[in-house]
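Since the structure comes first, as structure tokens, the remarks are kept for the end.
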Amino acid sequence: MSVLGVNTAQANSDLVYESSCANDRPRASRGVMSLETGKELTLKTADYLPGLNGTVWMGDAGQHKVALSGVAVARDGSVPTTQPNVLFYPTNTLNENSKARVTTVAQANVYQGKDGVLYRLFLTDTQSPVQCMDIVMPNAAPFSAKTGYIIYPNGTDTYAAPFKPNKI
Numbered sequence: 281m282s283v284l285g286v287n288t289a290q291a292n293s294d295l296v297y298e299s300s301c302a303n304d305r306p307r308a309s310r311g312v313m314s315l316e317t318g319k320e321l322t323l324k325t326a327d328y329l330p331g332l333n334g335t336v337w338m339g340d341a342g343q344h345k346v347a348l349s350g351v352a353v354a355r356d357g358s359v360p361t362t363q364p365n366v367l368f369y370p371t372n373t374l375n376e377n378s379k380a381r382v383t384t385v386a387q388a389n390v391y392q393g394k395d396g397v398l399y400r401l402f403l404t405d406t407q408s409p410v411q412c413m414d415i416v417m418p419n420a421a422p423f424s425a426k427t428g429y430i431i432y433p434n435g436t437d438t439y440a441a442p443f444k445p446n447k448i
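Residue numbers (this note's numbering): 281 to 448.
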């Protein structure tokens with residue numbers, strides 16, 4: 281599907297954004313800082329949004345399995361506290377000994393909705409086959425993305441592949 285054909289993502293009827301990640305840029309963000317000391321805080325599990333406390337999410341995208349490791353979003357302010365790794369596995373060979381075909385770090389932007397967050401990833405490796413990802417993740421169980429797309433270039437065109445990962 282062409283990026284121009286991607287509908288706006290919604291978190292349970294709450295408008296989250298009006299365009300895909302292809303029309304956005306990563307914002308520089310760091311962990312949650314203490315106003316008193318200026319140092320990064322060590323967060324407890326309860327300080328994160330449910331299901332987004334350094335977890336791993338995985339789903340199918342075309343002929344690949346795609347894993348996101350280190351998905352962490354602070355409950356207060358919906359700030360990504362880590363920049364996750366994105367791993368691409370060929371679907372037909374995935375087992376406990378499989379090695380990722382591509383591993384890269386992504387920069388995350390988070391947009392809060394009523395019942396979910398838009399977790400927007402920008403892949404930083406210029407060799408990555410993917411430009412960015414938009415994933416609407418829930419604020420409560422079951423921890424399965426409500427909708428999502430992987431945006432990737434193909435020649436001079438840009439396409440979107442459906443991607444709805446689950447927390448594993």
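Even glycine gets a Cβ: it sits at the ideal position worked out from N, Cα and C. Values in this document were obtained by computation on a predicted structure and should not be read as measured data.
_Pull the bridge partners of Asn434 from the DSSP assignment, please._
Answer is Asp437.
*Using 10 angstroms around the beta-carbon of Gln411, count the other beta-carbons present and answer buried if the total reaches 16, otherwise exposed.*
buried
_Identified DSSP bridge partners for Leu401_ = In the DSSP output, where bridge partners are listed per residue, Leu401 has Ala388, Met413.
*Three-state secondary structure assigned by DSSP to Asn333*: strand
*Any contact of the segment 427 to 444 with the segment 324 to 332, i.e. 3+ C-beta pairs under 8 angstroms?*
no
*Kindly indicate which three-state DSSP category Ala354 falls into: helix, strand or coil?*
strand
*Buried or exposed: where does Asp405 fall if 16 or more other Cβ atoms within 10 Å of its Cβ makes it buried?*
Taking a 10 Å sphere around the C-beta of Asp405, we find fewer than 16 other C-beta atoms and assign the residue as exposed.
*Just tell me which of Gly331, Ser358, Thr371 has its CA closest to the CA of Lys345.*
Nearest option by C-alpha distance: Thr371.
*State buried or exposed for Pro364, treating a residue as buried only when at least 16 other CB atoms are found within 10 Å of its CB.*
Under a 10 Å Cβ-count criterion, Pro364 is classified as buried, with 16 or more other Cβ atoms of the shown protein chains found around its own Cβ.
_Segment contact, 8 angstroms Cβ cut-off, at least three pairs: the segment 380 to 398 with the segment 300 to 309_ = yes
*asked:* Need the endpoints of the beta strand (DSSP E) that Phe368 sits in, please.
replied: 365 to 370
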